[in-house]
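Student:
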Amino acid sequence: MVPIELNPQQKEIATQVIKLLAGPDATLRDDQTTAIASLCTPGARVLVVQATGWGKSAVYWAATSIIRAANHGPSLVISPLLSLMRDQVSAAQKAGLRAITLNSSNSETWPELEDEITHNRVDVILVSPERLANPAFSKRVLAALAKDIGLLVIDEAHSISDWGHDFRPDYQRIAKILSTLEPTTPILATTATANQRVTSDIAKQLGSSTLVMRGPLARKSLQLAVIDDLSPIERYAWVADHLPILPGSGIIYVLTVSDAIALCDSIRAVHKDTIQIEAYHGQMPSSEREVIEDDLRNNRLKAVVATSALGMGYDKADLSFVINVGSPSSPVSYYQQIGRAGRAIEHALVVLLPSKSDERLWEYFATSNLPKGDQIEKLLKALEESPNQESMTIPALEAETGIRRSMVELLLKQMNVAEAVERSEKGWRSTNKGYDFDQSHIDEIISARRRESAIMKAYARQERCLMQLLQESLDDPEAKACNRCSVCIKKLPEPLSMEVSPEAISIITQFLRRQTLILEPRKMWPGGVFGKRGRIPSHLLPEAGRTLIFADSPQWQEILTEAFGIDQGPSETLCKLAIDTMVEWKSSWRSRPQIAASLPAGGYPALTDGLADHIARVGKLERFQFNQLVIPKLSPDASSSQEAALWQGEIQLTLEEKTSLTGKSVLLVIDATSSIWPITIAAAKILEAGATMVLPMLIHRRA
Numbered sequence: 001m002v003p004i005e006l007n008p009q010q011k012e013i014a015t016q017v018i019k020l021l022a023g024p025d026a027t028l029r030d031d032q033t034t035a036i037a038s039l040c041t042p043g044a045r046v047l048v049v050q051a052t053g054w055g056k057s058a059v060y061w062a063a064t065s066i067i068r069a070a071n072h073g074p075s076l077v078i079s080p081l082l083s084l085m086r087d088q089v090s091a092a093q094k095a096g097l098r099a100i101t102l103n104s105s106n107s108e109t110w111p112e113l114e115d116e117i118t119h120n121r122v123d124v125i126l127v128s129p130e131r132l133a134n135p136a137f138s139k140r141v142l143a144a145l146a147k148d149i150g151l152l153v154i155d156e157a158h159s160i161s162d163w164g165h166d167f168r169p170d171y172q173r174i175a176k177i178l179s180t181l182e183p184t185t186p187i188l189a190t191t192a193t194a195n196q197r198v199t200s201d202i203a204k205q206l207g208s209s210t211l212v213m214r215g216p217l218a219r220k221s222l223q224l225a226v227i228d229d230l231s232p233i234e235r236y237a238w239v240a241d242h243l244p245i246l247p248g249s250g251i252i253y254v255l256t257v258s259d260a261i262a263l264c265d266s267i268r269a270v271h272k273d274t275i276q277i278e279a280y281h282g283q284m285p286s287s288e289r290e291v292i293e294d295d296l297r298n299n300r301l302k303a304v305v306a307t308s309a310l311g312m313g314y315d316k317a318d319l320s321f322v323i324n325v326g327s328p329s330s331p332v333s334y335y336q337q338i339g340r341a342g343r344a345i346e347h348a349l350v351v352l353l354p355s356k357s358d359e360r361l362w363e364y365f366a367t368s369n370l371p372k373g374d375q376i377e378k379l380l381k382a383l384e385e386s387p388n389q390e391s392m393t394i395p396a397l398e399a400e401t402g403i404r405r406s407m408v409e410l411l412l413k414q415m416n417v418a419e420a421v422e423r424s425e426k427g428w429r430s431t432n433k434g435y436d437f438d439q440s441h442i443d444e445i446i447s448a449r450r451r452e453s454a455i456m457k458a459y460a461r462q463e464r465c466l467m468q469l470l471q472e473s474l475d476d477p478e479a480k481a482c483n484r485c486s487v488c489i490k491k492l493p494e495p496l497s498m499e500v501s502p503e504a505i506s507i508i509t510q511f512l513r514r515q516t517l518i519l520e521p522r523k524m525w526p527g528g529v530f531g532k533r534g535r536i537p538s539h540l541l542p543e544a545g546r547t548l549i550f551a552d553s554p555q556w557q558e559i560l561t562e563a564f565g566i567d568q569g570p571s572e573t574l575c576k577l578a579i580d581t582m583v584e585w586k587s588s589w590r591s592r593p594q595i596a597a598s599l600p601a602g603g604y605p606a607l608t609d610g611l612a613d614h615i616a617r618v619g620k621l622e623r624f625q626f627n628q629l630v631i632p633k634l635s636p637d638a639s640s641s642q643e644a645a646l647w648q649g650e651i652q653l654t655l656e657e658k659t660s661l662t663g664k665s666v667l668l669v670i671d672a673t674s675s676i677w678p679i680t681i682a683a684a685k686i687l688e689a690g691a692t693m694v695l696p697m698l699i700h701r702r703a
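Residue numbers (full-length UniProt numbering): 1 to 703.
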C-alpha cells in the first residue's frame, strides 16, 4: 500500500518548498501531497497526468528536497527542450535547490559541472534525452551516477510513447536507464498531454505497480475561439489588427519557420515598430532564443511569433493570449500549445485561425518520423557489408543507401535504441543483432494520427464545444461543455471580431511582395549513386538567382492557386512579378542575359515556357528549350544523390543546342522544385556547353 501522508518533517520541508515557489500563502493540495508522499517511498513509480498549471514541477522539487534531506542522491530530470530546462533550473533554485543542466549550449563547462556531480554538490541534474545517447556522457556520468540517483523525473513523458504527439526516439533510452537504477529509486513521470492509450503505455513502461494520478484537463481560465474563412494574407492582417487591443502579452504560433519570420515582419510593417514583437524558431542560436524568452517573460515584448520550438514547459504565469495561425495536426499538440496561457490569471484568450493548406502539412507530420522497413534493411545491409565492419558516417550511409540524411539520422537513433546499431567515435556500426520491424504497429500509429487530424478538422469547423472536443481527445472522463467558448456562447468573445482592415491587408501584401528572395546555388555534388562528390567547380556554378514565390507565401496565394492548378500560360500578375524581379535583379548581374531558357522541372511546361516567352519578348532575348528533356518521376523518399542522378541522365544537350549556347549568358526559368537539383544540373550542363553565365529564376520554391 502506497502511503498518502507525509510525516511531520517531510510535510514541513514540502510546505516550505511550496511557499518558496508560489508565495507565503501557498499550501499543498491533497493530490500534490499524495504524489510527493508516494515518491518518498522506496521503489515508487508515479505517473502524473494533470493540466498545465496543476503544479507538477512543485511535486518533484518538494520530493527532491525531502529525499536530499534524507542524505540520498540528486534528482536526475530528463527534459526535452533547452527553454524548458532554463525554466526548471530557475524554479529549482527558487525552491532552494542547486540545479545544473548539461546540454549543447554549455558544453564548455561540462568538465566543471561533472566534477560538481561527482562531489555531490548538486541537488538536480537536468539533461536532454539526446544527451543520454552520447557514449562519453553515459560512461563518465550516468554509469557512475546510476546507483546514487535519489529520484528520476521524466518530464513531458508523452514523448516516451510512440503513440504520443511528440514522440522522440531518444526518449526510449530511458527504459535502459530504468534497468540500471537501484530498485529502490523512485521514478516520477509527468505530462499534461496524454490520452488513455499513451497513459497506459507509459505506465506499462514504468512498471505494473505504477500509481497513475490523472485529473480533469479543462482549463477554466481559457476562452477558446475559432475564426475561419480568412485567406492567408487576411490571417496575417487579422493578427496585426488585433494585437494592439488584446490584453497583456502572448504567443502567436505558426507551423513553419518561414511563417514565423514573415508574420513577425508583417506586423512590424503595419505598426511601424511601435509594437515590440520577435520571431522565434528552432533554427535560431540558443542564446538568441533565451533572450526572447526572457523578454516575453518580463513583458518587454507584446508577443512572440513562434514555431512549436517555444512550447513544452515555457512558463509565463500571466500569459494572456495564444493565437494559432494554422492548425497543428493533433488536438493533443494543440492543447499543449494553448496551455502556455492563463496559468495564473483568471482569463486568457485562445484563438485558432485555420487554413485549408494545413492538411497537407498534417499528412507530412503523420509519417515523417516513422521508420520504413525497406530503409531499415538498406541501412543494416550497408553497415553489415562495410569492409571489416568498420564504422560508417552519416554522409557515407546517405550516399550508400540513397536515403535522405535527415531520415538516416532518425533511423539510426531508433535502431540504436533497439541495439541494432551502435555509435563509435568514427561513426556507426552494426551490432549484428538485427532489428524487429513491426509494420502493423507503424500502420496503427499512422491511423491514430489521422484520427487526431480528423478531430482538428471538427474543431476548426466548430462542430461543438471546443474545450470539450479537446478534453475528449485526451480521454478526460470529466469532459463537458465549457459554456464560454465561441461555440457555446455563439459569438466571438470580446474584443475579438471577424473584421480585417483593408489597410492592414494592403500594407502586408505590398511589404511582402517587395521582399527579394535570393536563390543560393548548391555548392557540393551529392556523391552516392550520382558518382561525383565534393565541391562543384566554380565554372559550373550558376549565379545567385531569384525565387518569385517561396513555399506557401500568403501574398502570392492567388497566383499559386492559378499557376499550379492546371498547366496553362502565366497570368498577367505573374508576368509583372517576373519583370519587376528582373528590374530589381539587374544591378547585380555580371552581364545582361542574352538567352531565356525554360526548364519545367515541376511538370508545368505551358507555365514555364509561357513565362520564358514573355521575358524574352520584353527583354528582346533569344529563346532556348531542352528539346530532349524528360521530366523524371521522383519518389518522395528519394535522396539527394538519387534525384541528382535522375536529372543528370535526363538533361541532355544536342550538338546544335550546345552551339547555340556557346558564348552566351542565359536566364534559366524553372517552374517548381524544393531540392534545386534540376537547376544545379541544368546550369552545369549549360555552362559545360560553353555558356558564360546562368541566372536561375525559380517561380515556386516548394517547402
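For each residue, glycine too, the CB sits at the ideal point set by N, CA and C.
Using beta-carbon positions only, say whether Q594 and K664 come within less than 8 Å of one another.
Tutor: Result yes, Cβ atoms of Q594 and K664 sit closer than 8 Å.
Student: So, are the CB atoms of R219 and A35 less than 8 Å apart?
Tutor: Not a contact, by the Cβ cut-off of 8 Å.
Student: Rounded to the nearest angstrom, how far is the Cβ of R546 from that of L519, given a contact under 8 Å?
Tutor: Indeed, because the Cβ distance is near 6 Å, the residues count as touching under 8 Å.
Student: Could you name the residues of the same chain whose beta carbon sits closer than 6 Å to that of R484, not counting the 5 residues immediately before and after it, in chain order?
Tutor: Cβ neighbours of R484 beyond the five flanking positions: Q223.
Student: Using a threshold of 8 Å, state whether the C-beta atoms of M213 and V332 are closer than that.
Tutor: No, Cβ-Cβ distance for M213 and V332 is not below 8 Å.
Student: Given that a residue counts as buried once 16 or more other Cβ atoms are within 10 Å of its Cβ, and exposed if not, what is E452?
Tutor: Flag for E452 reads buried.
Student: How long is the line joining the alpha carbons of R404 and I18, rounded to whole angstroms?
Tutor: In a straight line, the C-alpha of R404 is about 49 Å away from that of I18.
Student: According to DSSP, Q223 sits in a beta bridge with which residue or residues?
Tutor: BP columns for Q223 point to L349.
Student: Do W589 and H695 count as a contact pair if the criterion is CB distance below 8 Å?
Tutor: Note that residue 695 is Leu in the sequence shown, not His. A contact, by the Cβ cut-off of 8 Å.
Student: Under DSSP, the beta strand (DSSP E) around I566 begins and ends at which residues?
Tutor: Element bounds for I566: n/a, residue is neither H nor E.
Student: Would you report the Cα separation of P395 and E108, rounded to the nearest angstrom?
Tutor: Rounded to the nearest angstrom, the two C-alpha atoms are 27 Å apart.
Student: What residue range is occupied by the uninterrupted beta strand (DSSP E) comprising M693?
Tutor: From DSSP, the beta strand (DSSP E) with M693 extends over 693-701.
Student: In terms of residues, what are the limits of the alpha helix (DSSP H) holding V59?
Tutor: Per DSSP, V59 belongs to the alpha helix (DSSP H) from 56-69.
Student: Locate the beta strand (DSSP E) running through L667, then write down its first and last residues.
Tutor: Segment 665-673, the beta strand (DSSP E) holding L667.
Student: Rounded to whole angstroms, what is the Cα-Cα separation between L474 and L349?
Tutor: Rounded to the nearest angstrom, the two C-alpha atoms are 21 Å apart.
Student: Provide the residue(s) that pair with I518 in DSSP beta bridges, ordered along the chain.
Tutor: Answer is R546.
Student: Using the beta-carbon count (16 or more within 10 Å), is Y604 buried or exposed?
Tutor: Per the 10 Å Cβ criterion, buried.
Student: Thinking T367 and I446 are a contact (beta carbons under 8 Å), I'd like their distance in whole angstroms, please.
Tutor: At roughly 6 Å, the Cβ-Cβ gap stays under 8 Å, so T367 and I446 are in contact.
Student: Would you call the stretch 528-537 in contact with the stretch 489-507, where contact means no fewer than 3 C-beta pairs closer than 8 Å?
Tutor: Contact between the stretch 528-537 and the stretch 489-507 is absent, because fewer than three Cβ pairs lie under 8 Å.
Student: Would you grab the beta carbon distance between Q642 and G402 for me? Rounded to a whole angstrom, and I think it's under 8 Å.
Tutor: The Cβ separation is near 5 Å, so the contact holds.
Student: Quick one: what does DSSP say E622 is sitting in, helix, strand or coil?
Tutor: Of the three classes helix, strand and coil, the one that applies to E622 here is strand, per DSSP.
Student: What first and last residue would you give for the beta strand (DSSP E) that runs through V291?
Tutor: First-last for V291: 286-297, but that is the alpha helix (DSSP H), not the beta strand (DSSP E).
Student: Is the beta carbon of R297 sitting closer than 8 Å to the one on G53?
Tutor: No. Outside cutoff.
Student: Quick check: the Cα distance between R300 and V291, rounded to an integer number of angstroms?
Tutor: C-alpha separation (whole angstroms): 11 Å.
Student: Tell me the rounded alpha-carbon separation between S506 and S266.
Tutor: So the alpha carbons of these two residues sit roughly 11 Å apart.
Student: Using only alpha-carbon positions, find the residue among S209, C488, A644 that is nearest to A44.
Tutor: Considering only alpha carbons, the answer is S209.
Student: What residue range is occupied by the uninterrupted alpha helix (DSSP H) comprising G649?
Tutor: Per DSSP, G649 belongs to the alpha helix (DSSP H) from 640-650.
Student: Near L380, what residues of its chain come up, given a Cβ to Cβ distance below 8 Å and the 5 sequence neighbours on each side ignored?
Tutor: For L380, where only same-chain residues beyond five positions count, the Cβ hits under 8 Å are M415, A420, V421, S430, G434, Y435.
Student: Just list the residues that DSSP pairs F321 with in beta bridges.
Tutor: G250, L349, per the DSSP bridge assignment.
Student: Which of the three DSSP states, helix, strand or coil, is assigned to Y280?
Tutor: Looking at Y280 - three-state DSSP - the assignment turns out to be strand.
Student: To which residues of the same chain is P8 closer than 8 Å at the C-beta, ignoring the five residues directly before and after it?
Tutor: Closer than 8 Å at the Cβ level, and outside the excluded window around P8, lies no residue.
Student: By Cβ distance below 6 Å, which residues in the same chain neighbour L246 in space, the five residues on each side in sequence not counted?
Tutor: Correct list, in chain order: F321.
Student: Please report the straight-line C-alpha distance between V351 and K480, rounded to a whole angstrom.
Tutor: Going from the Cα of V351 to the Cα of K480 covers about 20 Å.
Student: Looking at I251 and the ligand NAD, is the gap between the Cβ and the nearest heavy atom below 7 Å?
Tutor: Absence of the ligand NAD from the depicted structure is noted, as is the absence of any ligand whatsoever, leaving it without description.
Student: Near S258, which residues of its chain fall below 6 Å by C-beta distance, leaving aside the five closest residues on each side in sequence?
Tutor: Contacts found: A551.
Student: Beta carbon of L611, beta carbon of Q555: below 8 Å?
Tutor: Contact flag unset, no.
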